[in-house]
Amino acid sequence: MKLKKLAAVTTAAVMMATPVLADLMFPSLSYRTGPYAANGTPVADGFADYYTLLNQRDGGIGGVMTRVVECETGYSTEKGVECYEATKGDGALVYQPLSTGITYQLIPKVTADGVSLLTGGYGRTSAANGDVFSNVFNFPANYWNGASHAVNHVLDVNGGDISGKSIALVYHNSAYGKEPIRTLEELAAKHGFSLSLLPVDHPGQEQKSQWLQIRREKPDYVFMWGWGVMNQVAIQEASNIRFPMENFIGIWWSGSENDVAAAGDAANGYKALTFHNVGTNFPVFDDIQKYVVDAGLAAGDGSNVGTVLYNRGLYGAMLAAEAVKAAQAIHGVADITPAMMRDGLENLVVTDESMEAIGMKGFGPNFAVSCENHGGPGLGAVQQWDATAQSWNMISGFEPSDMDVIQPLIDADSAAYAAENNIPSQCN
Amino acid sequence: MLYREAGDFKTSYAKDSQTFPIKFDRWGYWVIMVIAFGVVPFIINDYWVSAVLLPFLIYAIAALGLNILSGYCGQISLGTGGFMAVGAYASYKLMTSFPEVPFFFHVIIAGLITAMVGLAFGLPSMRIKGFYLAVATLAAQFFLVWLFNKVGWFYNYSASGQISAPERTMLGYAVTGPYASASAKYLFCLVFVVLLAWIARNLTRGSFGRKWMAIRDMDIAAEIIGVNPLAAKLSAFAVSSFFVGISGALFFSVYLGAVEVGEAFGIQKSFLLLFMVIIGGLGSIFGSFAGAAFLVLMPVLLKNLLVGTLGWPTDLAVHFEFMIVGGLIVAFLIFEPHGLAQLWRLTKEKLRLWPFPH
Numbered sequence: 060m061k062l063k064k065l066a067a068v069t070t071a072a073v074m075m076a077t078p079v080l081a082d083l084m085f086p087s088l089s090y091r092t093g094p095y096a097a098n099g100t101p102v103a104d105g106f107a108d109y110y111t112l113l114n115q116r117d118g119g120i121g122g123v124m125t126r127v128v129e130c131e132t133g134y135s136t137e138k139g140v141e142c143y144e145a146t147k148g149d150g151a152l153v154y155q156p157l158s159t160g161i162t163y164q165l166i167p168k169v170t171a172d173g174v175s176l177l178t179g180g181y182g183r184t185s186a187a188n189g190d191v192f193s194n195v196f197n198f199p200a201n202y203w204n205g206a207s208h209a210v211n212h213v214l215d216v217n218g219g220d221i222s223g224k225s226i227a228l229v230y231h232n233s234a235y236g237k238e239p240i241r242t243l244e245e246l247a248a249k250h251g252f253s254l255s256l257l258p259v260d261h262p263g264q265e266q267k268s269q270w271l272q273i274r275r276e277k278p279d280y281v282f283m284w285g286w287g288v289m290n291q292v293a294i295q296e297a298s299n300i301r302f303p304m305e306n307f308i309g310i311w312w313s314g315s316e317n318d319v320a321a322a323g324d325a326a327n328g329y330k331a332l333t334f335h336n337v338g339t340n341f342p343v344f345d346d347i348q349k350y351v352v353d354a355g356l357a358a359g360d361g362s363n364v365g366t367v368l369y370n371r372g373l374y375g376a377m378l379a380a381e382a383v384k385a386a387q388a389i390h391g392v393a394d395i396t397p398a399m400m401r402d403g404l405e406n407l408v409v410t411d412e413s414m415e416a417i418g419m420k421g422f423g424p425n426f427a428v429s430c431e432n433h434g435g436p437g438l439g440a441v442q443q444w445d446a447t448a449q450s451w452n453m454i455s456g457f458e459p460s461d462m463d464v465i466q467p468l469i470d471a472d473s474a475a476y477a478a479e480n481n482i483p484s485q486c487n
Numbered sequence: 375m376l377y378r379e380a381g382d383f384k385t386s387y388a389k390d391s392q393t394f395p396i397k398f399d400r401w402g403y404w405v406i407m408v409i410a411f412g413v414v415p416f417i418i419n420d421y422w423v424s425a426v427l428l429p430f431l432i433y434a435i436a437a438l439g440l441n442i443l444s445g446y447c448g449q450i451s452l453g454t455g456g457f458m459a460v461g462a463y464a465s466y467k468l469m470t471s472f473p474e475v476p477f478f479f480h481v482i483i484a485g486l487i488t489a490m491v492g493l494a495f496g497l498p499s500m501r502i503k504g505f506y507l508a509v510a511t512l513a514a515q516f517f518l519v520w521l522f523n524k525v526g527w528f529y530n531y532s533a534s535g536q537i538s539a540p541e542r543t544m545l546g547y548a549v550t551g552p553y554a555s556a557s558a559k560y561l562f563c564l565v566f567v568v569l570l571a572w573i574a575r576n577l578t579r580g581s582f583g584r585k586w587m588a589i590r591d592m593d594i595a596a597e598i599i600g601v602n603p604l605a606a607k608l609s610a611f612a613v614s615s616f617f618v619g620i621s622g623a624l625f626f627s628v629y630l631g632a633v634e635v636g637e638a639f640g641i642q643k644s645f646l647l648l649f650m651v652i653i654g655g656l657g658s659i660f661g662s663f664a665g666a667a668f669l670v671l672m673p674v675l676l677k678n679l680l681v682g683t684l685g686w687p688t689d690l691a692v693h694f695e696f697m698i699v700g701g702l703i704v705a706f707l708i709f710e711p712h713g714l715a716q717l718w719r720l721t722k723e724k725l726r727l728w729p730f731p732h
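Protein chains in written order, with the working numbering: chain L, 60 to 487; chain W, 375 to 732.
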């Protein structure tokens with residue numbers, strides 16, 4: 060009896076939640092709650108604000124209004140599935156789930172359903188091989204690029220020779236944290252440094268033993284693949300054992316204001332990678348202030364504008380919007396379908412001119428996507444935290460990674476996936 | 375008036391001991407079966423299956439399993455998430471190692487493997503009970519998750535430690551993988567649920583169930599009247615783990631398609647299942663279903679109501695969801711400490727007397 064009543068009310072609720080309008084729908088599988096909320100919120104805000112800006116300033120993309128449908132996942136894969144199923148029939152163009160776990164789950168599903176998945180800077184690295192992963196894109200950079208960027212930075216600092224050095228990887232003990240290990244092992248063999256692995260279990264509040272080990276072994280450098288509260292704890296622990304911060308390098312998910320704030324001045328000099336620029340010194344932020352914040356339309360409480368993760372959400376939204384423009388140009392239709400969106404993503408070209416046109420010149424690297432390469436060239440930069448000025452500063456340009464090492468790994472991993480799932484070549 | 379024993383004469387022992395002694399219940403059971411098998415598969419879509427029905431069915435199997443152990447045999451277990459992981463990883467290894475064997479048998483074998491692991495972790499129950507046993511099973515939870523994270527063989531040495539279910543078919547229809555249709559996945563799980571619920575019901579009212587309940591109610595007394603505690607406790611652990619293993623296999627292969635052990639089978643899963651059993655009603659088959667339905671459907675329903683219909687911000691809705699579900703759990707346990715199953719029992723008592731209560 061109770062079941063039937065529940066079911067009836069649920070049906071009614073689902074029915075009512077489905078509007079019929081011609082628009083470009085961007086699902087936002089966000090997490091503003093749960094252990095990773097501090098990092099998920101700014102990303103979701105940046106994502107939503109960019110589309111609000113496009114609607115308010117330009118009247119959508121190519122004359123069609125955009126619509127962001129947020130669905131709370133709490134970083135949980137079960138809720139991620141629910142969100143995907145709830146939004147996919149609604150004309151969703153491209154999913155950006157901001158979770159490697161959810162990405163793994165969605166990769167086969169989006170391919171079967173003909174929707175696209177854009178996982179900039181996370182997800183399955185070998186999805187860069189578009190010949191196997193037709194509907195998955197992970198430009199502008201992936202974890203293996205990141206691992207190489209970090210090693211390249213260490214090489215730069217040491218004048219190109221790091222043989223005999225030791226590097227410790229502190230990582231979130233999940234699919235996300237394990238991704239760079241294979242690349243780092245290859246790079247360790249190539250450059251002659253020793254690598255030690257220190258997993259940290261979800262959610263990462265307890266890291267005493269890992270940092271005790273670091274204190275004992277005294278590695279020359281520590282890399283970190285952390286997320287959420289794990290980052291703050293790690294930076295605090297590093298300062299507790301007086302580990303030199305300039306030798307502590309985080310992936311792009313471990314380099315936001317939230318992460319360094321807790322450690323205060325002790326976090327000064329901490330480095331993190333990034334694949335887009337920092338700060339608000341771009342014309343697009345003037346427009347966001349004018350059309351979104353001042354108009355009272357900012358997502359969330361509007362306090363995150365210009366933070367690292369806000370910029371990342373903004374950047375992801377911008378790339379999807381640019382891909383819509385590309386798709387509109389290819390197909391000559393303004394109200395594009397998910398299949399057209401896939402073509403747009405695959406033919407996306409980001410240049411100085413295109414970035415300048417949207418007021419974001421120099422915000423991210425230039426790159427072009429192709430059928431074979433869904434990952435772009437994998438350019439990345441290093442940023443450093445200045446605790447006195449309370450700001451992240453870029454200390455390098457967008458530089459390439461060691462594709463000689465990474466490309467064979469991508470080919471091998473994607474070939475294994477193709478063989479497991481009987482996927483024919485997509486590009487020939 | 376409709377719901378009564380009067381006039382329903384039992385003329386044989388089989389009839390006397392049937393599961394549903396009241397005609398109305400028997401009819402209700404068959405109507406539900408016909409609807410579940412004959413109507414639902416034709417009207418469901420991906421959302422209904424992936425967000426509502428599959429989690430409900432799969433959690434119901436796990437709750438049945440835990441109910442056998444905790445509700446019927448009185449052994450508290452906090453290792454359910456770990457045992458689900460055993461089922462999931464066993465099915466993954468079987469699916470990838472023996473692709474030619476029908477998937478149905480993989481699920482059964484995954485359950486049997488989990489039963490053996492459950493037996494091993496059930497051994498401490500010979501010496502310790504109550505909260506101390508709960509701690510021992512907690513060790514199983516952490517050990518199993520650690521094991522599946524640590525040893526590459528279990529996830530076929532994939533770069534990220536994720537396991538992904540390849541496509542497998544049943545009678546020509548895909549039941550795992552992205553191309554499996556909604557109704558195929560639903561029917562596949564439904565068959566397991568009906569089968570296992572039938573087994574659970576008949577085990578618990580037979581000699582096994584009586585032994586378990588005797589152990590639960592007072593183990594020393596049970597031993598004196600001739601119940602072998604070793605056999606009773608270990609059989610409860612084995613049967614319970616078999617159920618939980620099957621639910622873990624289905625959870626991974628049919629429902630999610632890809633899992634990561636720490637995220638999907640962590641300690642929070644063990645607690646969720648324990649809550650299902652407690653809210654549904656310890657020692658009740660119906661309670662396992664009611665508990666699973668309550669904890670799976672309630673959040674989805676509230677989400678659709680608050681976000682979909684009322685248009686609330688998603689984070690506010692989630693916070694309210696926690697408060698509402700939490701409040702309901704507290705209220706239920708205050709007004710009916712024996713769970714939803716007891717509520718249902720009382721309703722039936724009242725229905726029998728209706729419309730002339732004394």
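We put the CB at the ideal spot given by N, CA and C, even for glycine.
The structure displayed is predicted, hence computed values, not measured ones.
Margin query: Within 8 Å of any Cβ in chain B, is that where the Cβ of L/Y110 sits?
Written below: The structure shown contains no chain B; its protein chains are L and W.
Margin query: I want to see whether chain L comes within less than 8 Å of W/V699, judged by CB atoms only; does it?
Written below: Output row for W/V699: interface = no.
Next item on the list: Go ahead and label W/E379 buried or exposed: buried means 16 or more other beta carbons lie within 10 angstroms of its beta carbon, across all protein chains shown.
Entry: So W/E379 ends up on the exposed side.
Checklist line | Any chain L beta carbon closer than 8 Å to W/Y421 | finding: Residue-level contact by beta carbon holds for W/Y421 and chain L, with a gap shorter than 8 Å.
Notebook entry, point to check: Cα separation between L/F85 and W/A715?
Noted result: One C-alpha to the other measures close to 43 Å.
Item checked: Any C-beta of chain L under 8 Å from that of W/D399 -> For W/D399, no Cβ of chain L is located within less than 8 Å of the residue's own Cβ.
Note to self: Strictly below 7 Å CB to CB, what residues from chain W border L/C130?
What the structure shows: Result: T688.
Next item on the list: Using a cut-off of 9 Å between C-beta atoms, extract the partners of L/G133 located in chain W.
Entry: For a Cβ distance threshold of 9 Å, residue set V692 of chain W lies close to L/G133, ordered along the chain.
Check: Taking all protein chains shown into account, do 16 or more other C-beta atoms lie within 10 angstroms of the C-beta of L/A107, making it buried, or fewer, making it exposed?
Finding: By the C-beta density criterion, L/A107 is buried, having at least 16 other C-beta atoms within 10 angstroms.
Notebook entry, point to check: Using a beta-carbon distance below 8 Å, is W/A453 in contact with chain L?
Noted result: The amino acid at residue 453 of chain W is misidentified as Ala; the sequence shows Gly. Answer no: the Cβ-Cβ gap between W/G453 and chain L never drops below 8 Å.
Margin query: For L/S225, list the residues DSSP reports as bridge partners.
Written below: Paired residue(s): L/S253.
Check: Can a CB atom of chain L be found closer than 8 Å to the CB of W/Q515?
Finding: No, its Cβ sits nowhere closer than 8 Å to a Cβ of chain L.
Check: Can you list the beta strand (DSSP E) stretches of 3 or more residues lying completely in the region 310-358 of chain L, in chain order?
Finding: Correct list: 330-333.
Notebook entry, point to check: Closer than 8 Å, CB to CB, is L/A248 near chain W or not?
Noted result: No, because no Cβ of chain W sits closer than 8 Å to the Cβ of L/A248.
Note to self: Against W/E723, what residues of chain L qualify as contacts under a CB-to-CB distance less than 7 Å, listed in chain order?
What the structure shows: Chain-order list of chain L residues neighbouring W/E723: empty, with the shortest C-beta distance near 15 Å, by a criterion of under 7 Å.
Next item on the list: Would you kindly work out how many angstroms separate the C-alpha atoms of W/G485 and W/N678, rounded to a whole number?
Entry: Whole-angstrom Cα-Cα distance: 34 Å.
Next item on the list: For L/L214, collect the residues of the same chain with a Cβ closer than 8 Å to its Cβ; drop the 5 residues on either side in sequence, then sort them by chain order.
Entry: Closer than 8 Å at Cβ, skipping near neighbours: D220, I221 and H250.
Checklist line | L/P303 burial status per 10 Å Cβ neighbour count (16 or more: buried) | finding: Residue environment analysis places L/P303 among the exposed positions, since fewer than 16 neighbouring C-beta atoms fall within 10 angstroms of its C-beta.
Check: In chain L, what lies closer than 7 Å to W/N523 by C-beta?
Finding: Going along chain L in sequence order, the residues near W/N523 (Cβ under 7 Å) are N232.
Check: Thinking C-beta only, is W/A437 closer than 8 Å to W/G665?
Finding: The answer is yes: Cβ separation under 8 Å.
Checklist line | For L/D215, the three-state DSSP class (helix, strand or coil) | finding: Helix, per DSSP.
Checklist line | Proximity below 8 Å, CB of W/V475 to CB of W/C563 | finding: It is not a contact, given that the beta carbons lie outside the stated cut-off.
Check: Taking C-alpha atoms, which residue in W/L518, W/E541 and W/A489 lies nearest to L/N480?
Finding: Of the listed residues, the one whose Cα sits closest to L/N480 is W/E541.
Notebook entry, point to check: Going by Cα to Cα distance, which pick from L/N188, L/T184, L/W286 and L/M419 is closest to L/V229?
Noted result: The residue with the shortest Cα to Cα distance from L/V229 is L/W286.
Check: In chain order, which continuous runs of the alpha helix (DSSP H) of length 4 or greater are located wholly inside the region 538-615 of chain W?
Finding: For the alpha helix (DSSP H) assignment, the uninterrupted runs of no fewer than 4 residues enclosed by the region 538-615 of chain W are, from N- to C-terminal side, 556-578, 581-591 and 593-598.
Notebook entry, point to check: Is it buried or exposed for L/S199, if we count other Cβ within 10 angstroms and need 16 for buried?
Noted result: According to the sequence displayed, residue 199 of chain L carries Pro and not Ser. With 16 or more Cβ atoms within 10 Å of its Cβ, L/P199 is classed as buried.
Margin query: Any beta carbon from chain L within less than 8 Å of W/V628's own beta carbon?
Written below: By the rule that beta-carbons nearer than 8 Å mark a contact, W/V628 does not touch chain L.
Note to self: What residue range does the beta strand (DSSP E) around W/R726 cover?
What the structure shows: Element bounds for W/R726: not the beta strand (DSSP E) but the alpha helix (DSSP H), G713 to L727.
Item checked: Distance between W/L428 and W/Y421 (C-alpha atoms, nearest Å) -> Cα to Cα, W/Y421 sits roughly 10 Å from W/L428.
Check: Near W/V670, what residues of its chain come up, given a Cβ to Cβ distance below 6 Å and the 5 sequence neighbours on each side ignored?
Finding: Counting only Cβ-Cβ distances below 6 Å, and skipping sequence neighbours, we find P429, F430 and Y433.
Notebook entry, point to check: How big is the Cα-Cα spacing for L/V140 and L/P156?
Noted result: For L/V140 and L/P156, the gap between their C-alpha atoms comes out near 10 Å.
Next item on the list: Look at W/A459 and W/G622 and say whether their C-beta atoms are less than 8 Å apart.
Entry: In this structure, W/A459 lies near W/G622, with their beta-carbon atoms less than 8 Å apart.
Margin query: Just to make sure I have the definition right: I need the residues of chain L whose C-beta is within less than 8 Å of the C-beta of W/Y553. Which are they?
Written below: Around W/Y553, the beta-carbon contacts reaching into chain L at under 8 Å are A171.
Notebook entry, point to check: With respect to the alpha helix (DSSP H) encompassing L/R371, which residues constitute its N-terminal and C-terminal limits?
Noted result: Its alpha helix (DSSP H) spans residues V367 to H390.
Next item on the list: Would you kindly work out how many angstroms separate the C-alpha atoms of L/Y13 and L/I308, rounded to a whole number?
Entry: No answer is possible for residue 13 of chain L: the residues shown for chain L start at 60 and end at 487.
Checklist line | Sub-8 Å separation of L/L177 and L/L165 beta-carbons | finding: Between L/L177 and L/L165, the CB-CB gap reaches or exceeds 8 Å.
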